[in-house]
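Engineer:
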Amino acid sequence: MSIAHNLKNIKNEIDSLHVTLIAVSKTKPQADVLEAYHAGQRIFGENLVQELTEKYQTLPKDIQWHLIGHLQRNKVKYIAPFISLIHSVDSLKLLKEINKEGAKNNRVIPCLLQIYIADEETKYGLGFDEAIELLVSPDYKGMQNISIVGLMGIATNTDKQSQIKEEFYELKTFFNGVKQSFFKNDANFKEISMGMTSDYKLAIEQGATMVRIGSDIFGKRDYTTK
Ligand SMILES: *Cc1c(COP(=O)(O)O)cnc(C)c1O
């Protein structure tokens, strides 16, 4: 199946549900991104800063680039001028750095807090309590050059549908609480980024507003990355 065809199938499925598709193009060549672009896709997700900036420089400028992978503080400066959304904010220190670079570039950078929902040691993210700590901190309140527009989570890599469903449900429930307590009058706080190729249907059932899909669009990757 072609990339265009795969995209169309997924779009048919999710467009009526008002879910935003992030096409995850990590490890894939620019030609593949262009194929998806010519089929109408404009939002792409990458997990490595270097690969992201290289693609940004050569591909069409109306692409909206999302960073979905772990972000090191010393690399924020490379993406700050152009990034559309950072899904993976997992510490106050990182958020401070993004705010600083946002100021340098005279812009407000949209961010999601990555929440740890998986039953695995390897995944990055804030615990529920850590996310609350961040949101009540005076440091956060003073930040003018970031905007937290929602939450992101990655479910456990398992075949147990009930467990994945439970993890997405927890993220949605936490989102509702955070919205009520911290963003009640902020219409921008509305995104829940959850679900990838193997579990996006469950994620949408549980309230995802953004799904991050790679292999279902571009085919299997040659090597696996975090
Ligand atoms: C790679 C990746 C995806 C996409 O994974 P697929 O299984 O290929 O759909 C989604 N989210 C994150 C954070 C990723 O790193």
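Count along the sequence shown starting at 1, add 347, and that's the number in the numbering used here. Here a beta-carbon is modelled for each residue, glycine too, at the ideal position from N, C-alpha and C. Treat the numbers as computed from the prediction; the structure is a model and nothing was measured.
With respect to the beta strand (DSSP E) encompassing PRO376, which residues constitute its N-terminal and C-terminal limits?
Structural biologist: Within the sequence shown, numbered from 1, the residue matching residue 376 stands at position 29. Unbroken run through PRO376: none, as it is neither H nor E.
Engineer: Got a list of residues with beta-carbon closer than 5 Å to any non-hydrogen atom of ligand 1, in chain order?
Structural biologist: This criterion selects VAL371, ASN394, ILE415, MET543, THR544, ARG559, ILE560, GLY561, SER562.
Engineer: Restricting to Cα atoms, I'd like to know which of GLN377, LEU549, ASN452, PHE475 is closest to ILE430.
Structural biologist: On the sequence shown, residue 430 is found 83 positions in, with the first residue counted as 1. Minimum Cα distance to ILE430 is reached at ASN452.
Engineer: Does DSSP put THR503 in a helix, a strand or coil?
Structural biologist: Counting from 1 along the sequence shown, the entry for residue 503 is found at position 156. THR503: coil per DSSP, three-state reduction.
Engineer: Using CA coordinates, which residue listed in TYR425, THR556, SER528, PRO407 is at the minimum distance from GLU448?
Structural biologist: In the sequence shown, counting from the first residue as 1, residue 448 sits at position 101. Of TYR425, THR556, SER528, PRO407, the residue nearest in Cα terms is TYR425.
Engineer: Taking 8 Å as the threshold (C-beta atoms), are VAL380 and LYS358 in contact?
Structural biologist: Walking along the sequence shown from the start, residue 358 turns up at place 11. Walking along the sequence shown from the start, residue 380 turns up at place 33. Against a cut-off of 8 Å, the Cβ pair of VAL380 and LYS358 comes out as no contact.
Engineer: Which same chain residues, not among the five before or five after ILE390, have their C-beta less than 6 Å away from its C-beta?
Structural biologist: Position 43 of the sequence shown, counted from the first residue, corresponds to residue 390. Correct list, in chain order: ILE369, GLN411.
Engineer: Residues in the same chain with beta-carbon distance under 6 Å from SER586, minus the five sequence neighbours each way, listed in chain order, please.
Structural biologist: An answer regarding residue 586 cannot be provided, because it is not within the stretch 348 to 573 covered by the chain.
Engineer: Out of curiosity, what's the CA-to-CA distance linking LEU406 and ALA450?
Structural biologist: As a working mapping, residue 406 is identified with position 59 in the sequence shown. As a working mapping, residue 450 is identified with position 103 in the sequence shown. Rounded to the nearest angstrom, the two C-alpha atoms are 26 Å apart.
Engineer: Which residues does DSSP list as the beta-bridge partners of MET557?
Structural biologist: Here residue 557 refers to the residue found at position 210 of the sequence shown. THR367, SER540.
Engineer: Please state if the CB of GLU444 and the CB of VAL423 are separated by a distance shorter than 8 Å.
Structural biologist: As a first step, residue 423 must be located in the sequence shown, where it is residue number 76. As a first step, residue 444 must be located in the sequence shown, where it is residue number 97. Yes, the Cβ-Cβ distance between VAL423 and GLU444 is below 8 Å.
Engineer: What do you get for ARG568, buried or exposed, if any count of 16 or more other CB atoms within 10 angstroms of its CB means buried?
Structural biologist: Start at 1 with the first residue of the sequence shown, and residue 568 comes out as number 221. Classification for ARG568: exposed.
Engineer: Report yes or no: do three or more beta-carbon pairs, one from the region 461-470 and one from the region 480-489, lie closer than 8 Å?
Structural biologist: No: fewer than three Cβ pairs fall under 8 Å.
Engineer: What three-state label does DSSP hand PHE391 in the structure shown?
Structural biologist: Working through the sequence shown from its first residue, we reach residue 391 at position 44. If DSSP states are grouped into helix, strand and coil, PHE391 belongs with the strands.
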